[in-house]
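Reading through the structure tokens given below for one structure.
In the working numbering, the protein residues as written are 22 to 1057.
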């Protein structure tokens, strides 16, 4: 063997050998800093998978959905839609609320995006109706957002008192926790002081609502009085005169006539009451307050949860004194994060132990095994350091990338150690031994060029993962980045640390004279097996073809999904009743759902959030509820979603959708809705859109596997149309605005001021008593005062009739849209979408200007598959060019590429035999196994090349067997180490946190099994007959 001592690689290895003390010291520093990084890095289940979003919320009390759309939503959309970097704008206009979500491209800074929207909103004053409040940007949150859901109930206090405590005691304390972006509350009982005007009393005293509003504003108003400046002092004037209690408000004088005063209490009941509710909450069937805590964008969920737990411990004594029960674990994502990270780390630890055992068995030498084992933590920790500096969190995806890199890490070290050990053993037997440093340098460089090429090939194989777009890219790119960083770190360790350790530990020590016992037996058996295989080349070729053919034939039978079912211990059930359903009825049916769910042995708690929160961004009405189902730890069955769906589907009166929290957030990020299949129908005529949506529903109901079919903006919401008679208004001298303001005050309530009680502030409103706001007849009798003092009932000035309308008007990209959603059960989602698209387009006719668009996770899966295929073809071109540079002959290139379909066959059969779905994680697994397989094949053929071109061995059956035998240990160890490292993940693929990487691991295990068999048994036989090595010249 002639040493090669020129070139960059030689310079790096030589430097490491001569400065081995410094190199090893640097390696120790890297490991120490890596361990320190582990203690301060951010842990999460997934990377941040949502693009920057800005939500705009505008309250417009009293306005109908169509009015909100025309007067509020459209002006805001027009203002913000031109901001740079926007990818989509979604909006929902419901009664009294406009909710707009602006999505930006992933490469824009989220704070810059927020600033762009804020700047656009500056131009809005004067363009919105007087009823509309200023648009509010909701706090920035991460893709998962919710960090905790908790609840308050009481057996002794009223709901009004519970809500007041939640608002003024609990909420401020939670908002003070670092990392908390906002707290929204679901539940009736928002306290306010109401001046409940009695119409018959107004008639008695010849007064109108105008006088009541004016008197109430005077009674609750606060004014600053300034100060008095003396020669040496400034005295601040503090005034007191505001009414602070209902009794004081009732004593306020409305008018003074003939020596007698008419007070507010004479025409109204002044009391503390709840404002007209827009939402309500149930906790395990008991009325209560459900509080949702959202974390700030980029906040560490585990740290924020720990601080919230501390705050709740501090609050608990105060709550108990007030007779309130705290329910802190209605939803706690930190539980899943901790379980998921623990499960993945445990699986990696078990895999690492198995890896170490394999290394010791194969190398059978403590020193050589220790050198190889050192490379694993050093390379992984070096990769983690770089990831932390690049802003990656430590999550199941990055941990999965590190796990699948273990095989390459060990292979890098084992190739070096095994070759160095062999060359040192040969050198000891020479008559004139060469210097040990030169032997180690030459032995390391002997394999290093091929390893560099193999590493570059693996990086090219992972190129498609790095170029995935959308949610798929944001999920899987960190996995690819972690893998590549670990492999590059491993390459650097193999170039510098491994040779230095070999010189330090093996250089002057007694070396084992022969291969380890395990390897001797394996090599002897392997040579005999190769001989048998070589005697039946046609049978071997036929077997290869049959295996690949059977795998390809099995592909159509595999069920596909974007992502697997997550076992996060929490289920979200959406319950939608007919439009116009009251909160009371929603709570009644929600209570029945709660009772049925609590009968399931694995359900721990159930919390219903009906309607929308006081300051939340959800555009939901009282007919819609979100039910949080928390499961008992360790009791979650495999088919929990199906079982819960079966339970709720038996309850009549509502439609239900069932999802896990993470799946729903992923689906909402992709399409805006928590469903696998989303069909958007665009057009201008809302009635036409509604009609076409119903036709699509009818089509979907006939497709097997379509479940939870819903129209997002349902029609038929009961309304009361009040159409003012302009002639009557003119005859009596009334203007339309005065009449509308009277109706608004009577039924919505007019805010007249605030009453301050210590640190607590309560709104004061003028409104009719509840019993006066319950019938259409009472509405028609509402008295309106004319300028001449005459009182007329509203029915004399307006036509009042019951009608129906829509609950919400939806927009996408400032265009009207109606949306149909459904989930997929027991079927390939891509196949269902294809069938749905074909049936809808053939059976539903769309008039001009109306068209349908298919999206959702199923469409995202198809898009991700197309992206993977396209970029895989680009990567394949680069791989072929790279392989050609090292293989030297087109026949050798074909031999290398033959491994890839064989690895595909093993992965497909593994998915088929385990009964799993072909998810995006499985596709990434195929890419992973392609890289491992290609690397092993490159190392095998490059070793053949070395034997022929450098050592002068004639290419013959003996040379093929020798080369394969010398590569047996690295290939087997790489395969076994990778397999054993991933085996715990594959076995625990149904455990929390291992759902995606477990699916990946199953594919890799299957692919490694078949590709290793090909590399060891088929490739030498084919290389002997078709390979060309004689004219290849090795140059490092």
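We treat Cβ as the ideally placed atom computed from N, Cα and C, and that holds for glycine.
Under the three-state reduction of DSSP output, residue 225 falls in the helix class.
Bridge pairing for residue 113: 120 and 831 [DSSP]. When rounded, the separation of the alpha-carbon atoms in residue 937 and residue 841 is 28 angstroms. The continuous stretches of alpha helix (DSSP H) do not include residue 633, and DSSP gives it neither H nor E. Selection 754, 202, 183 and 1025 evaluated against residue 925 yields 1025 as nearest (Cα-Cα). Between the alpha carbons of residue 725 and residue 595 lies a distance of about 22 angstroms. When the alpha-carbon of residue 423 is set against those of 503, 477 and 738, the nearest one is in 503. The C-beta distance from residue 548 to residue 982 rounds to 6 angstroms, short enough to fall under 8 angstroms. Distance from residue 1044 to residue 965 at the Cβ level is roughly 6 angstroms; contact confirmed, criterion being Cβ atoms closer than 8 angstroms. The region 616 to 630 and the region 685 to 701 do not touch, with fewer than 3 CB-CB distances between them shorter than 8 angstroms. Around the beta carbon of residue 789, 16 or more other beta carbons sit within 10 angstroms, so the residue counts as buried. Looking at the backbone, the Cα of residue 862 and that of residue 893 are separated by about 32 angstroms. In the DSSP assignment, residue 838 falls within the beta strand (DSSP E) that extends over 836 to 845. Considered as a whole, the region 892 to 955 harbours 911 to 935 as its complete alpha helix (DSSP H) runs of no fewer than 4 residues, in chain order.
The continuous beta strand (DSSP E) containing residue 812 extends over residues 812 to 814. Each residue's CA atom was taken as its position, placing residue 177 and residue 288 some 33 angstroms apart.
Ranked by Cα distance from residue 800, the options 220, 837, 469 and 115 are led by 220. When rounded, the separation of the alpha-carbon atoms in residue 330 and residue 324 is 10 angstroms. Taking a cut-off of 8 angstroms for Cβ pairs, the region 403 to 423 and the region 951 to 963 do not touch, as fewer than three such pairs fall below it. DSSP, reduced to helix, strand and coil, places residue 712 within a helical segment of the structure shown.
Three or more Cβ pairs drawn from the region 184 to 193 and the region 333 to 347 lie within less than 8 angstroms of each other, which places the two stretches in contact. Rounded to whole angstroms, the gap between the alpha carbons of residue 139 and residue 125 is 14 angstroms.
Residue 274 counts as exposed, since fewer than 16 other C-beta atoms from the protein chains shown sit within 10 angstroms of its C-beta. Residue 248 is classed as exposed because its beta carbon has fewer than 16 other beta carbons within 10 Å across all chains shown. Across the structure, residue 144 and residue 100 are spaced so that their CA atoms are roughly 7 angstroms apart. DSSP places residue 758 inside the alpha helix (DSSP H), whose first and last residues are 757 to 768. Taking 8 angstroms as the upper bound for CB-CB distance, residue 679 and residue 644 are not in contact here, some 18 angstroms apart. The alpha carbon of residue 40 has as its nearest neighbour, out of 720, 525 and 764, the alpha carbon of 525. Along the region 182 to 254, the beta strand (DSSP E) occurs as fully enclosed runs of 3 or more residues at 201 to 207, 212 to 218 and 248 to 250, listed in sequence order. Between the region 34 to 54 and the region 292 to 308 there are fewer than three C-beta pairs closer than 8 angstroms, too few to call the two in contact. DSSP places residue 592 inside the beta strand (DSSP E), whose first and last residues are 591 to 597. Ranking 820, 341 and 735 by CA distance to the CA of residue 711 puts 735 first. Around the beta carbon of residue 436, 16 or more other beta carbons sit within 10 angstroms, so the residue counts as buried.
Between the alpha carbons of residue 263 and residue 270 lies a gap of roughly 9 angstroms.
Here the alpha carbons of residue 591 and residue 616 stand approximately 17 angstroms from one another. Within its own chain, the residues whose Cβ lies closer than 6 angstroms to the Cβ of residue 154, once the five positions on either side in sequence are excluded, are 80, listed in chain order.
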